[in-house]
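See structure below.
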Amino acid sequence: MIRKNPCRIRGVGRAEADERPVATVAQVFALADVIGLRWRLMVLLGAFASMRPEERAELRRGDIDLDAGSVWVRRAATELNTGRRVVGDPKSRAGKREIVLPAFVHVDVRRHLDWFAQPGPDGLVFIGEKGAALRGTTFGRKWRRARDTVGLPGDFRFYDLRHTGNTLAADTGAKLKDLMVRAGQSSEKAQLMYRHSTKEHQRKLAADIDTDVRRQQVKAAEGAGEGATVHPLVPRPRDVYGLVSREA
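Quick note: the sequence shown uses numbering that gives the first Met the number 0, first residue 0, plus one each step.
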């Protein structure tokens with residue numbers, strides 16, 4: 000049997016090329032808005048937590064630590080060409096990891112768990128409208144419609160949300176070892192490179208992404224002119240992050 004990603008659909012796939020398209024922060028939020036509440040968190044975790052599609056497909060309630068504001072990646076779900084769902088380990092040894100989430104994602108996580116996830120610690124976080132596990136064919140139609148509505152190019156794949164997330168993380172100036180831990184990338188040499196990455200480093204990385212995204216959202220709203228609104232999850236100017244005072 001040939002295994003395939005449950006989210007691997009037309010226009011979606013594993014990014015191997017050196018150069019892949021990257022969405023802007025505004026485009027990511029637009030995708031999350033257009034695709035609908037049930038799949039909103041799927042988009043946000045791809046872009047702002049650098050999770051692989053197959054990791055999100057197998058994410059369970061017990062993998063989410065609301066108090067710590069983090070997600071544990073322990074498994075991945077692939078789909079055979081027969082349609083049978085197969086659960087196994089993540090892509091690499093480093094794929095099993097804890098991802099500290101930017102603070103602005105926390106509201107979406109809590110809301111999604113309350114409204115859509117299966118009950119109990121083993122309940123799947125992402126399920127279809129009928130309560131079944133995520134299927135690529137069903138999600139694919141929703142993804143392509145959202146992508147086209149936002150105006151992203153046809154070659155922007157679902158996997159490119161992860162590429163976008165990795166780029167956002169790298170733009171914070173984080174050390175390579177911390178970036179690799181967050182993304183779950185592994186090789187014998189890479190493990191030696193990032194073995195000293197600490198929880199403190201990971202929390203700082205998540206906080207930097209949080210601050211950068213909030214700043215970009217505020218700038219986008221200010222640039223839109225009078226009457227523009229800031230994304231509801233982003234505090235308005237003069238918030239605790241001091242964005243206005245730094246840019247004034």
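No residue lacks a Cβ here, since even glycine has one placed at the ideal position from N, Cα and C.
Taking the straight line between their C-alpha atoms, what separation do you get for residue i and residue j?
i      : j      : result
Val99  : Gly82  : 32 Å
Lys248 : Gly87  : Any property of residue 248 remains undetermined from this structure, which presents the chain solely from 0 to 247.
Met41  : Asp32  : 11 Å
Val108 : Asn80  : 31 Å
Val180 : Gln216 : 27 Å
Gly68  : Lys176 : 21 Å
Leu58  : Trp71  : 8 Å
Pro101 : Ala76  : 25 Å
Leu160 : Asp147 : 15 Å
His111 : Thr136 : 22 Å
His162 : Leu30  : 15 Å
Ala168 : Pro118 : 32 Å
Leu36  : Leu43  : 11 Å
Phe47  : Thr210 : 12 Å
Tyr158 : Ala223 : 30 Å
Arg214 : Arg39  : 21 Å
His200 : Leu123 : 29 Å
Arg143 : Ser91  : 28 Å
Which of the three DSSP states, helix, strand or coil, is assigned to residue i?
i      : result
Gly61  : helix
Leu79  : strand
Leu133 : coil
Arg74  : coil
Arg19  : coil
Glu221 : helix
Gly94  : helix
Arg194 : Summary for Arg194: the model assigns pLDDT 47, below 50, so the residue's position carries little reliability; its value from the coordinates is reported in the next sentence. Arg194 falls in the coil class under three-state DSSP.
Gly153 : coil
Arg39  : helix
Glu187 : Reliability fails at Glu187, whose pLDDT of 41 lies under 50, so the model's placement of it is uncertain and the value that follows must be treated cautiously. Note: Glu187 maps to helix in three-state DSSP.
Leu112 : helix
Leu100 : coil
Arg144 : helix
Gly87  : strand
Please state if the CB of residue j and the CB of residue i are separated by a distance shorter than 9 Å.
i      : j      : result
Gly172 : Ser49  : no
Phe103 : Arg55  : no
Arg60  : Pro89  : no
Ala22  : Arg84  : no
Ala253 : Ile34  : Missing from the structure shown is residue 253; the chain here goes from 0 to 247 and no further.
Val24  : Val212 : yes
Glu221 : Arg134 : no
Glu128 : Lys198 : no
Gly45  : Gly164 : yes
Leu151 : Pro20  : yes
Going by other Cβ atoms of all chains shown within 10 Å of its Cβ, with 16 needed for buried, is residue i buried or exposed?
i      : result
Gly130 : exposed
Leu204 : buried
Trp114 : exposed
Val27  : buried
Arg140 : exposed
Val106 : exposed
Ala93  : buried
Asp170 : exposed
Leu65  : exposed
Asp62  : buried
Asp121 : exposed
Looking at residue i and the ligand MG, is the gap between the Cβ and the nearest heavy atom below 8 Å?
i     : result
Ala67 : Ligands are entirely absent from the displayed structure, and the ligand MG is therefore not among its contents.
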